[in-house]
Each structure stands twice: as C-alpha cells, then as structure tokens.
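**Q** Numbering (the numbering used here), first residue to last: 276 to 771.
Glycine is no exception: its CB is placed at the ideal position from the N, C-alpha and C atoms.
Before I ask anything, here is the structure I am working with.
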C-alpha cells in the first residue's frame with residue numbers, strides 16, 4: 276500500500292497550487308480530482324488576475340492589498356498566460372460620483388506596491404479611442420491596470436509543475452472515503468474506470484471547492500463548523516462588439532460591476548452575475564434571466580444593439596465563499612479561510628474555504644506552512660521567485676519569443692505562433708521540436724491544433740478528452756465545428 280505525506284482533494288487552482296507548493300518543499304504528494312483539472316469553478320472565472328477594485332467599497336483592504344501583491348508576482352512567473360490589460364471605467368452620472376472613483380483608483384494604485392503596470396489616469400472619452408464604442412452621454416472616464424489570465428491553463432501548469440517536483444496527479448479519480456487509523460489516514464480512491472485503490476497519508480488537504488463541506492461531512496465523516504455560501508457567477512460570450520482592443524468595467528444600477536473584455540480575437544466576454552445557488556455545482560447553467568441581465572447592463576453603455584442572438588457561448592461557475600453573514604451575494608467576502616483539524620497532534624485535516632484565483636499561490640504557501648508542526652523536514656517557501664512551465668522569459672519579451680519561433684519554424688504563420696506562445700511559452704519550442712515541415716506536426720484537427728500539440732497536452736497536461744483539450748487547455752471549442760470535434764474524439768479513442 277502506497278503511503279504519502281499529503282493527499283490533496285480537488286484539481287482546481289487551490290488544489291493544484293497546494294500540490295505544487297508541497298511537492299517543491301519535499302513532501303510526497305498525491306492529488307485526486309473527480310473530473311478534469313479546472314473542470315468546475317477554476318475555469319469559470321472572469322479570467323482576471325486583479326486586486327478587485329470593487330472590494331474596496333466593502334472595506335476588504337487586506338484582500339485587495341494581498342491580491343495586488345500577488346498580481347505582480349504571478350505576472351513575472353507566468354508571462355505566457357498572464358498579461359497586462361488597461362481597463363476603462365466610464366463615469367456614470369447617476370451612480371458613484373467622479374471623486375469617489377478617483378479616490379478608489381488612487382488607493383488601488385498605491386496599495387499593493389505596483390511596479391510592473393502603468394498607473395491610473397483620467398481620460399476624455401470624447402477624444403480617447405476607448406470612448407468610440409460608448410454612448411454619447413459618457414464623456415469622462417478613468418483608465419487603470421490589471422491582468423488577464425488563462426485560468427484553466429494556470430491550473431494545468433500548476434499540476435504539471437507539481438508532477439515535475441514528484442507529485443502524483445490522478446484525474447477522474449474520486450476521493451471515496453478516509454478514516455483516521457492511529458497516525459495515518461486510510462484512504463480509498465475510485466477511478467472512473469472502476470479501479471479502487473487503497474493508500475495511506477499523514478495529512479489531507481481538502482481543496483474541493485463547492486464540495487468542501489460535503490467532503491468533510493460525507494467522505495471524511497468529520498464535524499464541520501464552518502458555513503459556506505454557494506454563489507453562482509455566469510458569463511456570456513458574444514460575437515465581437517467593438518473594434519478596438521479596449522477592456523471595460525461598467526457600473527450597474529444595482530451596485531454591481533460588469534466587465535466587457537475582447538476575447539479570443541473575434542469575441543467579447545461579458546460578466547459576471549452573483550446569485551445564491553443551492554443546486555448541484557456540476558449542473559450550474561447561465562439562465563435566461565442572467566443573459567438578459569448582462570445584455571441590459573452593457574447596453575446601458577455600448578452604442579451598439581446587443582441581443583440574445585449575439586451570444587455564442589455561456590459558462591457558469593459556483594464559488595464556495597466563506598459565509599460572513601452578509602445579506603447580498605455580491606457583498607460576501609472573496610477572501611479565503613483555512614481551517615485546520617487534528618487528532619491529538621496527528622493526522623491533520625486542512626480545509627480551504629473561499630478564495631480567488633489571484634491569491635491561490637499565497638494561499639497554498641500558507642496551507643503548507645500549517646503542516647510545519649507535523650513534518651520536521653519541510654523545506655522553505657519557494658514559489659514566489661519561481662515560474663510555471665514555459666514561463667521562463669521576461670514579460671516584456673513575448674514578441675521576441677514569437678519572432679524566434681517564426682524564424683526557426685517558417686512553415687507556421689504569426690497567428691499560429693502567437694497562440695502557441697500565449698499557451699505554452701518557451702515550451703512551444705518543445706512542441707515544435709524536430710519539425711522541419713508542417714507535415715512533421717502530424718494531423719491537423721482544425722485551426723492548427725496538430726497531433727504533436729495534442730500529444731503534448733495528453734502527456735504533459737493530463738488531458739484525456741476533446742472537451743479537456745478544446746475548452747480547458749485551449750479555447751478552440753469556440754471555433755471547432757461538430758465534425759472537427761468528432762474527428763478529434765475518435766482519434767483520442769483510438770490513441771489513448
């Protein structure tokens with residue numbers, strides 16, 4: 276029977292971040308995920324690494340400060356999947372006053388030790404390019420910085436780096452149950468192919484997201500005194516709504532904010548909603564009411580007709596937030612809470628409640644720090660100054676990396692090279708390695724997704740299905756036809 280120092284439940288951003296941190300600090304780690312990596316909440320975000328401007332309004336200063344500091348760290352450690360954005364915040368005369376917006380942005384600029392990103396500035400929307408898509412009534416705005424992230428790829432790369440440091444990553448494997456047995460946990464895992472596996476572990480970290488409470492009470496049969504609130508956030512993806520590359524943050528009359536962000540070149544990403552949710556997190560869907568709400572919200576600002584028929588895709592995620600007894604869903608803290616439970620100083624169980632993708636790294640660090648009393652040889656913190664696979668280049672040299680690939684592999688075009696670099700960074704060179712012609716890359720399944728790239732995703736990033744590849748390791752699902760999806764599915768059945 277295999278014995279591990281640590282078993283991590285959940286293959287979202289917190290789980291993979293914890294597994295990576297722990298493996299790099301010398302612990303033997305197994306991570307189990309019942310579905311694919313990032314299949315639930317972690318692939319359903321607004322895809323921003325940000326401090327959370329609106330959290331200032333609720334006085335969540337600690338969360339904002341920590342998030343802004345992490346924004347700087349993450350931008351340096353994964354410049355292929357995180358890059359800077361400039362957001363335009365139009366001043367709406369019927370909502371928050373201009374002075375309040377200016378004050379909030381001033382605090383936002385100076386709270387987290389910003390070094391890599393440009394500061395906030397006031398803009399004349401009548402003269403600035405970002406004002407072109409907006410209705411004529413908006414004349415003043417503010418421009419500030421935050422970052423974009425390929426959220427599901429960040430999860431996969433954390434899992435990959437955890438494996439590089441010795442962790443065992445098991446996807447499509449359910450954590451069935453565990454019981455304390457003297458100084459270890461006896462654990463049963465159940466894979467989707469029906470194989471059960473018995474292992475033991477000195478500690479368990481519960482990072483199961485929306486299922487955190489049910490795992491404690493059902494799978495671990497432990498008492499739980501921490502309440503969570505499940506909040507559904509939905510997004511819509513429409514055809515491209517404006518020609519410039521500007522990113523917008525709009526104030527809504529209900530006090531919420533809505534983002535409108537250029538997405539995958541030909542689309543616009545709009546979100547998010549905040550709705551109490553009581554169902555199965557696996558079945559969360561964007562409702563008709565949410566679609567209408569998001570369209571009405573952006574229609575207040577954009578000088579373009581938008582309706583339901585412009586929506587090409589939707590997604591919803593359920594956020595497991597720590598219940599701080601606030602009345603409105605939008606007011607519930609996005610901060611994380613780490614709860615540790617031990618049995619006479621042995622067999623620790625740590626459960627993670629809440630959190631946001633921006634703070635996953637520092638959360639993981641703090642979780643493993645909780646284990647120091649139990650593992651005397653645990654190594655020092657290490658992730659702050661490290662990079663994720665493919666991220667070993669300067670954030671300002673993305674174009675340089677693209678050009679080096681174009682020079683070496685002259686059979687691919689610029690759009691293709693940019694996609695590869697913004698997915699794999701320096702590892703794009705490993706995918707293309709030993710290829711002298713486009714034919715050397717194998718089958719082209721569509722949109723330049725080649726056999727070599729698919730094999731990389733299978734072998735290095737734990738992908739097993741067409742959905743994994745097209746929606747979580749990439750966003751090519753927005754472009755693939757039904758026939759192309761079927762062709763990829765059939766190839767995967769025959770080859771893995």
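Mapping the DSSP letters down to three states, classify residue 277 as helix, strand or coil.
**A** DSSP places residue 277 in strand when its eight states are reduced to three.
**Q** Measure the C-alpha to C-alpha separation of residue 300 and residue 439 and round it to an integer number of angstroms.
**A** Taking the straight line joining both Cα atoms gives about 12 Å.
**Q** What runs of the beta strand (DSSP E), each 3 residues or longer, lie entirely inside the segment 723-749?
**A** The segment 723-749 contains no whole beta strand (DSSP E) run of 3 or more residues.
**Q** Going by Cα to Cα distance, which pick from 711, 427 and 398 is closest to residue 413?
**A** Closest option to residue 413, Cα to Cα, is 398.
**Q** Just the Cα atoms here: how many angstroms apart are residue 377 and residue 418?
**A** C-alpha separation (whole angstroms): 10 Å.
**Q** For residue 729, count the other beta carbons within 10 Å of its own beta carbon; 16 or more makes it buried, fewer makes it exposed. Which is it?
**A** Buried, by the Cβ-count rule.
**Q** Assuming residue 386 contacts residue 443 under a Cβ cut-off of 8 Å, what Cβ separation, rounded to an integer in Å, is found between them?
**A** Actually they are not in contact, since the Cβ atoms of residue 386 and residue 443 sit about 39 Å apart, beyond 8 Å.
**Q** Only counting the same chain, and skipping five residues up and downstream in sequence, which positions put a Cβ closer than 6 Å to that of residue 777?
**A** Any answer about residue 777 is impossible in this case: the structure gives the chain only from 276 up to 771.
**Q** Let me know the secondary structure DSSP gives residue 224 once reduced to three states.
**A** Here the chain has residues from 276 to 771 only, and residue 224 is not among them.
**Q** Have a look at residue 665 and residue 619 and give me their C-alpha separation to the nearest angstrom.
**A** Between residue 665 and residue 619, the C-alpha separation is close to 43 Å.
**Q** In whole angstroms, give me the CA-to-CA distance for residue 334 and residue 366.
**A** Rounded to whole angstroms, residue 334 to residue 366 spans 21 Å at the Cα level.
**Q** Which of the three DSSP states, helix, strand or coil, is assigned to residue 519?
**A** Three-state DSSP puts residue 519 in coil, outside helix and strand.
**Q** Is it right to say residue 252 is buried, meaning 16 or more other beta carbons lie within 10 angstroms of its own, or is it exposed?
**A** Absent from the model: residue 252. The displayed extent of the chain is 276 to 771, so no value can be given.
**Q** I'd like to know whether the C-beta atoms of residue 560 and residue 586 end up nearer to each other than 8 Å.
**A** Going by C-beta atoms, residue 560 is not nearer than 8 Å to residue 586.
**Q** Take residue 696 and list the residues in its own chain whose beta-carbon comes closer than 8 Å to its own, dropping the five residues that flank it on each side.
**A** If we look at residue 696 and ignore the five residues flanking it on each side, its Cβ neighbours are 355, 673, 676, 677, 680 and 703.
**Q** List the DSSP bridge partners of residue 307.
**A** The partner list for residue 307 (beta bridge, DSSP) reads 284 and 445.
**Q** Helix, strand or coil for residue 550, going by three-state DSSP, please let me know.
**A** Here residue 550 sits in strand by DSSP.
**Q** In this structure, how does DSSP classify residue 326 when only helix, strand and coil are distinguished?
**A** Residue 326: coil per DSSP, three-state reduction.
**Q** Should residue 375 go down as buried or exposed, given a rule of 16 or more other Cβ atoms within 10 Å for buried?
**A** Under this definition residue 375 is an exposed residue.
**Q** Label residue 554 either buried or exposed according to how many other C-beta atoms from any shown protein chain fall within 10 Å of its C-beta, with 16 as the threshold for buried.
**A** Result: exposed.
**Q** Beta-carbon within less than 6 Å of residue 763's beta-carbon, same chain only, minus the 5 sequence neighbours each way: which residues are those?
**A** The residues are 720 and 741.
**Q** Look up residue 365 in the DSSP assignment and say whether it is helix, strand or coil.
**A** Note: residue 365 maps to strand in three-state DSSP.
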